[in-house]
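Have a look at the structure below, then the notes.
In my numbering, the protein residues as written are 43 to 566.
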């Protein structure tokens with residue numbers, strides 16, 4: 043793929059807590075320029091979303107220029123909300139929020155996760171196939187194509203085609219950790235789904251655009267639907283993703299940190315984060331529901347003077363010095379909704395997609411109507427902030443904080459519970475697998491070898507039904523071998539297409555046409 047050196051360089055500069063040194067960034071940028079490939083550009087683009095906190099504005103711009111994305115916005119002092127970053131990349135304690143004029147700020151992480159179920163273990167989803175079973179007409183089939191063979195069996199066959207001795211069915215599909223009818227109904231692999239789906243690289247392969255009935259990838263002569271690609275991506279990443287130390291992790295973030303995390307990771311190409319949206323204390327029992335948070339809105343309004351003064355007095359009791367203004371903030375975080383186990387319906391989250399109107403009652407008995415995009419859910423945090431004359435946030439409270447019961451006249455006294463935790467993964471494990479980088483957490487994992495194959499071969503080398511169909515349309519109807527020039531042109535038009543077939547299939551159908559497998563990217 044040509045990004046191994048880029049991955050090695052970026053890991054070296056982002057292992058600690060401080061922002062990257064200018065010399066290290068220049069070395070990375072020089073390597074990307076020398077590589078000069080779409081893969082390098084995509085890697086640099088995703089690096090900004092994965093680890094943007096490690097780069098100051100000047101370094102960010104250097105990488106953004108390579109990736110052909112916009113540099114960070116220079117927010118004016120009048121902006122509804124802006125974040126002043128500190129020097130610690132893996133912390134937000136030294137970051138500062140400033141509030142400007144009243145109004146609305148819409149934040150987008152510029153990542154759209156694929157929306158799907160969460161591998162509910164009690165339903166044993168890995169033991170059966172889901173999704174598409176129709177294929178473009180072709181004379182090239184395998185014994186498993188068009189059958190109800192399990193995706194584990196298909197993966198085992200793919201691995202054998204590529205000379206890898208793996209055991210997807212035995213290690214995963216038949217393992218009680220992944221398929222257990224006695225498991226609690228809520229237990230699945232939502233953590234790995236949320237973590238993996240923040241990666242553009244994963245999304246673009248699991249969720250490749252395709253006509254209905256052709257959503258998936260061909261690998262080694264076998265087919266995996268979009269639904270099964272997602273299910274197995276989750277399952278194989280499950281016990282690996284939880285070892286990810288991440289860029290940032292915080293349990294039950296407070297009101298001020300909700301603001302910081304929203305501005306850091308849900309705004310300005312922030313790349314999103316994972317939220318455990320089931321709050322055990324609020325719900326009264328323990329469950330785990332990890333969701334990818336990718337968009338948010340902040341609506342800010344100034345409190346009237348007499349109410350603000352009472353809020354300032356409460357702040358002074360709590361040790362706040364220098365507060366002069368009180369603000370009411372409504373922060374709406376949007377996360378992707380889990381769908382059924384078929385997962386073939388493609389639903390894109392985002393405020394700009396299809397909308398539904400939802401009405402709900404808050405704890406005070408008041409009804410409110412709001413709009414959400416199909417395939418998403420929302421959490422709404424009502425927050426009160428104290429600022430100085432510059433707009434610097436000195437203290438923030440959730441609206442349901444018991445201390446505020448003594449502050450009369452506030453617009454709201456209720457708020458959704460914060461997630462049990464917010465987590466910003468680095469996604470390095472994905473690139474460690476893509477680039478064959480050593481990683482003890484992968485390599486010591488019982489399914490580490492299967493995870494690597496799924497990433498470096500199934501996703502990295504899989505071929506869409508559209509590409510395979512076009513390639514066959516240009517070749518199989520020929521009655522005579524192609525000239526060397528024609529074969530070279532075809533190889534340039536279909537790089538890597540040989541990996542859609544087994545060696546035997548290629549030998550039978552394409553070798554007689556003068557097409558050499560290696561010229562078409564075969565890695566079996």
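Where is the CB? At the ideal position from N, CA and C, for every residue including glycine. As the structure is a computational prediction, the values presented were derived from the model and not from experiment.
6 Å Cβ shell around residue i - same chain, five flanking residues per side excluded
i: residue 510; result: 260 and 542
i: residue 235; result: 160 and 276
i: residue 49; result: 473 and 477
i: residue 490; result: 484
i: residue 238; result: 244, 275 and 279
i: residue 286; result: 467
i: residue 443; result: none
i: residue 557; result: 529
i: residue 229; result: 163
Through-space distance from residue j to residue i, alpha-carbon basis
i: residue 151; j: residue 305; result: 10 Å
i: residue 85; j: residue 45; result: 7 Å
i: residue 94; j: residue 241; result: 14 Å
i: residue 501; j: residue 64; result: 34 Å
i: residue 370; j: residue 505; result: 51 Å
i: residue 171; j: residue 195; result: 10 Å
i: residue 447; j: residue 323; result: 20 Å
i: residue 571; j: residue 516; result: The structure shown does not extend to residue 571, since the chain is modelled only from 43 through 566, so no value can be given for it.
i: residue 331; j: residue 289; result: 20 Å
i: residue 75; j: residue 555; result: 38 Å
i: residue 519; j: residue 497; result: 33 Å
i: residue 193; j: residue 377; result: 28 Å
i: residue 55; j: residue 475; result: 19 Å
i: residue 272; j: residue 158; result: 8 Å
i: residue 269; j: residue 258; result: 8 Å
i: residue 62; j: residue 463; result: 26 Å
i: residue 320; j: residue 134; result: 23 Å
i: residue 283; j: residue 521; result: 50 Å
i: residue 220; j: residue 325; result: 26 Å
i: residue 493; j: residue 183; result: 26 Å
For residue i, three-class secondary structure by DSSP
i: residue 344; result: strand
i: residue 319; result: coil
i: residue 354; result: helix
i: residue 162; result: coil
i: residue 262; result: coil
i: residue 53; result: helix
i: residue 220; result: coil
i: residue 455; result: coil
i: residue 97; result: coil
i: residue 490; result: helix
i: residue 407; result: Only weak support exists for where residue 407 lies, its pLDDT of 45 falling under 50; the value from the coordinates is given anyway. Residue state, collapsed to three classes: coil.
i: residue 157; result: coil
i: residue 45; result: coil
i: residue 238; result: helix
i: residue 308; result: coil
i: residue 149; result: strand
i: residue 313; result: coil
i: residue 464; result: strand
i: residue 204; result: coil
i: residue 367; result: strand
Where residue i falls, given that 16 or more other Cβ within 10 Å makes a residue buried
i: residue 126; result: exposed
i: residue 346; result: exposed
i: residue 154; result: buried
i: residue 534; result: exposed
i: residue 52; result: buried
i: residue 414; result: Residue placement at residue 414 is poorly supported in this model, since its pLDDT is 39, which falls under 50; the coordinates still yield a value, given next. Flag for residue 414 reads buried.
i: residue 267; result: buried
i: residue 264; result: buried
i: residue 200; result: buried
i: residue 315; result: buried
i: residue 553; result: exposed
i: residue 454; result: buried
i: residue 224; result: exposed
Beta-carbon proximity list for residue i, same chain, < 8 Å, skipping 5 on both sides
i: residue 90; result: 97, 102, 105, 106, 109, 111, 311 and 313
i: residue 564; result: 540, 541, 545 and 548
i: residue 149; result: 304, 305, 308, 309, 310, 312, 337, 338, 339 and 340
Closer than 7 Å to chain C by CB, residue i
i: residue 264; result: Although the question refers to chain C, the structure presented lacks it and comprises just one protein chain.
Beta-carbon proximity list for residue i, same chain, < 7 Å, skipping 5 on both sides
i: residue 374; result: 338, 339, 420 and 422
i: residue 281; result: 487
i: residue 362; result: 428, 436 and 437
i: residue 82; result: 44, 45, 48 and 74
i: residue 231; result: 160, 161, 276, 277 and 280
i: residue 222; result: 163 and 164
i: residue 408; result: In this prediction, residue 408 has a pLDDT of 48, which is less than 50 and means its spatial position is unreliable; nothing more can be read from the coordinates.
Taking contact to mean at least 3 C-beta pairs separated by less than 8 Å, is the stretch 292-304 in contact with the stretch 134-151? Segments in contact, yes.
Validate contact between the stretch 350-358 and the stretch 236-253 using beta carbons, cut 8 Å, 3 pairs: Verdict: no, contact absent.
Taking contact to mean at least 3 C-beta pairs separated by less than 8 Å, is the stretch 286-293 in contact with the stretch 212-219? Segment contact: the stretch 286-293 against the stretch 212-219, fewer than three CB-CB distances shorter than 8 Å; contact not assigned.
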